[in-house]
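Below: one structure, written as structure tokens.
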Amino acid sequence: MDRQDSWTDSPRSGRGISTPRSPEAKLGLRVEDLWDIQQPQLSPSEKLNSCFESIPVSSFPINPSFQVIEINSDSSLADAVQILSRHKLLSAIVRNVEAPEDASWIDRYNGIVELQGIVVWLLHQSEVTALKMRPTAMAGANGENGSSAPEAVASMGGSFFETLTSSDFYKTTKVQDISGSFRWAPFLALQKSDTFLTMLLLLSKYKMKSLPVVDLGEGNIDNIITQSSVVHMLAECVGLHWFESWGTKKLKDLGLPIMKPHKLIKVYEDEPVLKAFKLMREKRIGGLPVVECNGQKAIGNISVRDVQFLLAAPEIYKDYRSITTKSFLTAVRNHLKEQQEASPMLRGMITCRKDDTIKDVILKLDSEKIHRIYVVDADENLEGVISLRDIISKLVHEPRNYFGDFFDGVVPLPRNSSSV
Numbered sequence: 001m002d003r004q005d006s007w008t009d010s011p012r013s014g015r016g017i018s019t020p021r022s023p024e025a026k027l028g029l030r031v032e033d034l035w036d037i038q039q040p041q042l043s044p045s046e047k048l049n050s051c052f053e054s055i056p057v058s059s060f061p062i063n064p065s066f067q068v069i070e071i072n073s074d075s076s077l078a079d080a081v082q083i084l085s086r087h088k089l090l091s092a093i094v095r096n097v098e099a100p101e102d103a104s105w106i107d108r109y110n111g112i113v114e115l116q117g118i119v120v121w122l123l124h125q126s127e128v129t130a131l132k133m134r135p136t137a138m139a140g141a142n143g144e145n146g147s148s149a150p151e152a153v154a155s156m157g158g159s160f161f162e163t164l165t166s167s168d169f170y171k172t173t174k175v176q177d178i179s180g181s182f183r184w185a186p187f188l189a190l191q192k193s194d195t196f197l198t199m200l201l202l203l204s205k206y207k208m209k210s211l212p213v214v215d216l217g218e219g220n221i222d223n224i225i226t227q228s229s230v231v232h233m234l235a236e237c238v239g240l241h242w243f244e245s246w247g248t249k250k251l252k253d254l255g256l257p258i259m260k261p262h263k264l265i266k267v268y269e270d271e272p273v274l275k276a277f278k279l280m281r282e283k284r285i286g287g288l289p290v291v292e293c294n295g296q297k298a299i300g301n302i303s304v305r306d307v308q309f310l311l312a313a314p315e316i317y318k319d320y321r322s323i324t325t326k327s328f329l330t331a332v333r334n335h336l337k338e339q340q341e342a343s344p345m346l347r348g349m350i351t352c353r354k355d356d357t358i359k360d361v362i363l364k365l366d367s368e369k370i371h372r373i374y375v376v377d378a379d380e381n382l383e384g385v386i387s388l389r390d391i392i393s394k395l396v397h398e399p400r401n402y403f404g405d406f407f408d409g410v411v412p413l414p415r416n417s418s419s420v
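Start counting the sequence shown at 1; every next residue gets the next number (UniProt numbering).
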């Protein structure tokens, strides 16, 4: 599988390489020029590190549809969910409404609020309510016979979520009011002079999902770089020597998938859908497979992005006595078909094999616009999962003492930063 549409047919002078059509392909050619002048004794990984350390993040292409979506700190949770869902975003920057107009960017923004964080916080409140409404469930919460908290909410029926989203509690609680453990992702902005290597390490080892690029002089956010945009850039670089030297390696030769099959985080089709979202939050993962009750075959995937359907379209569950992962998938798929919305959820499971190359996987992820791909064996049994972060992590490595005091003042600290 090759990406031919990134390049024109006219050869580039003296190189035998076509002229790049896209900004991402042009950037790839810049890496190619740097690759060619690296010292021959360096390993391919060391060469890539050196190339990416030489390119500032200000060079990263800006998406033509890019816009900074801000949520005011005094917005209600209901308004915040609607804004995120309308713009198909998982998170947004929170603007401090009490900051003066001429405030610096660090005072202007409170942080980043995540859709998943809002939902998990609301569901936590809902579990407390559900347990109080079901005395036998309280026994289960205490380790006796009864239901767990997610099961207690699930057993309340599909109308429970419709009731929740019409409540005054949901409509009046403000974003700034939920400042406990469920709210912020680390707000870590890059300066325009920071390098690609810094950006790639933050998106991989340090598990950042997106990185604002700030113009300190103007105090504006010029770009937001995501894991998806980096993988799209890589897909546009197919055919270049530096990419092919890495991209033609098989997954198994790169140690992918990282997680062993018996440690794969999954949910079964008869389990409450709330368990899936709680696992994603607890394990800090972006999605997980829904597996048959009596086997290892996946029937679907639930991602963080799908959490919006619990609050943005609660009416689609009202006919269900309980919301299991299977009924959630069925309800959302029917809703998407009725609304005639394109979605990866309607295309079934996207899979690969351990013998596929990382280039094959990058092209699949980019063309399908998905954040993870499941690895299966010859019998379609699950063997693992590969995320965008896993791919980026195999592109570069962190030099010793690279970040120094970079994380000083960042709250909360990114994952793994304590090891720096």
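All C-beta atoms in this analysis are idealised placements derived from N, C-alpha and C, irrespective of residue type, glycine included. Remember, predicted model here, so these are calculated numbers, not experimental data.
Could you give the distance in angstroms between the alpha-carbon of Lys-260 and the alpha-carbon of Val-31?
Here residue 260 corresponds to residue number 260 of the sequence shown, with the count starting at 1. Here residue 31 corresponds to residue number 31 of the sequence shown, with the count starting at 1. Approximately 33 Å between the Cα atoms of the pair.
With Tyr-374 as the anchor, note down where its beta strand (DSSP E) starts and where it stops.
Walking along the sequence shown from the start, residue 374 turns up at place 374. Note, Tyr-374: beta strand (DSSP E), 372 to 376.
Taking only runs of the alpha helix (DSSP H) that begin and end inside the UniProt domain "CBS" (259 to 318), which ones reach a length of at least 4 residues, in chain order?
273 to 283, 308 to 311
Taking 8 Å as the limit between beta carbons, can you name the residues of its chain near Phe-66, skipping five residues before and five after?
One-based indexing of the sequence shown puts residue 66 at position 66. Here the set comprises Asn-223, Ile-224.
Looking at the secondary structure, which residues open and close the alpha helix (DSSP H) in which Leu-388 lies?
Working through the sequence shown from its first residue, we reach residue 388 at position 388. Run containing Leu-388: 388 to 393, per the alpha helix (DSSP H) assignment.
According to the Cβ coordinates, are Val-304 and Leu-329 closer than 8 Å?
Working through the sequence shown from its first residue, we reach residue 304 at position 304. Working through the sequence shown from its first residue, we reach residue 329 at position 329. No. Outside cutoff.
Residue environment, Phe-169, which counts as buried when at least 16 other CB atoms sit within 10 Å
Here residue 169 is taken as the residue at index 169 of the sequence shown, counted from 1. Exposed is the call here.
Are the CB atoms of Glu-24 and His-241 within a distance shorter than 8 Å?
Mapped onto the sequence shown, residue 241 falls at position 241. Mapped onto the sequence shown, residue 24 falls at position 24. Against a cut-off of 8 Å, the Cβ pair of Glu-24 and His-241 comes out as no contact.
Between Leu-211 and Leu-203, which are expected to be in contact by the criterion C-beta below 8 Å, what is the C-beta distance as a whole number of angstroms?
Position 211 of the sequence shown, counting from 1, holds the residue named residue 211. Position 203 of the sequence shown, counting from 1, holds the residue named residue 203. About 7 Å separates the Cβ atoms of Leu-211 and Leu-203, confirming a contact at the 8 Å cut-off.
Kindly indicate which three-state DSSP category Ser-327 falls into: helix, strand or coil?
Translated into the one-based positions of the sequence shown, residue 327 becomes position 327. Looking at Ser-327 - three-state DSSP - the assignment turns out to be helix.
Just verifying my parser: in three-state terms, what is the DSSP assignment at Ile-118?
Along the sequence shown, one-based indexing puts residue 118 at 118. Three-state DSSP puts Ile-118 in a helix.
Taking just the CA atoms, how far does Phe-243 sit from Leu-234?
Start at 1 with the first residue of the sequence shown, and residue 234 comes out as number 234. Start at 1 with the first residue of the sequence shown, and residue 243 comes out as number 243. So the alpha carbons of these two residues sit roughly 8 Å apart.
Determine, using beta carbons only, whether Ile-299 and Ile-285 come nearer to each other than 8 Å.
In the sequence shown, counting from the first residue as 1, residue 299 sits at position 299. In the sequence shown, counting from the first residue as 1, residue 285 sits at position 285. In this structure, Ile-299 sits away from Ile-285, with a CB-CB distance that is not shorter than 8 Å.
Return the CA-CA distance between Ser-167 and Asp-377, expressed in angstroms with no decimal places.
The count along the sequence shown starts at 1 and reaches residue 167 at position 167. The count along the sequence shown starts at 1 and reaches residue 377 at position 377. Approximately 47 Å, taken between the alpha carbons.
Which word fits Ser-10, buried or exposed, when buried means at least 16 other C-beta atoms lie within 10 angstroms of its C-beta?
Working through the sequence shown from its first residue, we reach residue 10 at position 10. At Ser-10 the pLDDT is 44, less than 50, meaning the model places this residue with poor confidence and gives no usable figure here.
State yes or no: is the C-beta of residue 421 within less than 8 Å of the C-beta of Val-213?
Nothing can be reported for residue 421: it is not among the residues displayed for the chain, which extend from 1 to 420.
Ala-78 to Leu-90 span [Cα, whole Å]:
If you number the sequence shown from 1, residue 78 lands on position 78. If you number the sequence shown from 1, residue 90 lands on position 90. Rounded to the nearest angstrom, the two C-alpha atoms are 15 Å apart.
Between Glu-380, Met-199, Ala-331, which has its C-alpha nearest Phe-406's C-alpha?
Reading the sequence shown from its first residue, position 406 is the one you call residue 406. For Phe-406, the closest C-alpha among the options Glu-380, Met-199, Ala-331 is that of Met-199.
Per DSSP, Asn-220 is paired with what?
Taking the sequence shown and counting its residues from 1, the one referred to as residue 220 is at position 220. Paired residue(s): Asp-215.
Got a sec? Which residues, its chain only, sit under 6 Å from Lys-209 by beta carbon, not counting five neighbours each side?
Indexing the sequence shown from 1 puts residue 209 at position 209. Cβ neighbours of Lys-209 beyond the five flanking positions: none.
Quick one: residues in its chain with C-beta nearer than 8 Å to the C-beta of Thr-172, no 5 flanking neighbours on either side, listed in chain order?
On the sequence shown, residue 172 is found 172 positions in, with the first residue counted as 1. Ser-76.
If Val-113 sits next to Phe-277, beta carbons under 8 Å apart, how far is it from one beta carbon to the other, in whole angstroms?
Within the sequence shown, residue 113 is the residue found at index 113, counting from 1. Within the sequence shown, residue 277 is the residue found at index 277, counting from 1. The Cβ separation is near 16 Å, so there is no contact.
Nearest-angstrom Cα distance between Glu-162 and Val-307?
Sequence index remark: in the sequence shown, residue 162 carries index 162 (1-based). Sequence index remark: in the sequence shown, residue 307 carries index 307 (1-based). Just so you know, the alpha carbons of Glu-162 and Val-307 end up roughly 14 Å apart.
Per DSSP, which residues does Lys-252 bridge with? Please list them.
In the sequence shown, residue 252 corresponds to position 252, counting from 1. DSSP output for Lys-252 lists no bridge partner at all.
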